[in-house]
Amino acid sequence: MSRWLFPNARNRMRHQSAASLTAVLNNHGITVKPARATALMNAAMDLPPAEFSAKLGIHLITAEEWRRRASRAWTAFITTAPA
Numbered sequence: 172m173s174r175w176l177f178p179n180a181r182n183r184m185r186h187q188s189a190a191s192l193t194a195v196l197n198n199h200g201i202t203v204k205p206a207r208a209t210a211l212m213n214a215a216m217d218l219p220p221a222e223f224s225a226k227l228g229i230h231l232i233t234a235e236e237w238r239r240r241a242s243r244a245w246t247a248f249i250t251t252a253p254a
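Those letters in the sequence shown? Residues 172 to 254, by the numbering used here.
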């Protein structure tokens, strides 16, 4: 049993690299970049910017920008959605 969610195929005591995991996901039709952006948008909407910043290790201003963009995305959706 490995302590990693995605263990390395050659050495189960190490994690799988981001590049190899991305390749595996792409082979299954899952593109990582859009999924990452969606996950960040959801986290930015759910967490206060200070907590979002601390959890991801990003600057507070960057976290506030993510929050602003996430809020704007929903506002735009609501105003353009059919009645």
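The beta-carbon is built from N, C-alpha and C at its ideal position, and this holds for glycine as well.
Using a C-beta cut-off of 8 Å, the stretch 235–243 makes contact with the stretch 211–220, since at least three inter-stretch Cβ pairs fall below that distance. Burial check for Ser191: the Cβ neighbour count within 10 Å stays below 16, so the residue is exposed. For the set Leu218, Ile232, Arg174, Ala206, the Cα lying nearest the Cα of Thr193 is the one of Ala206. Per DSSP, reduced to three states, the secondary structure at Pro178 is strand.
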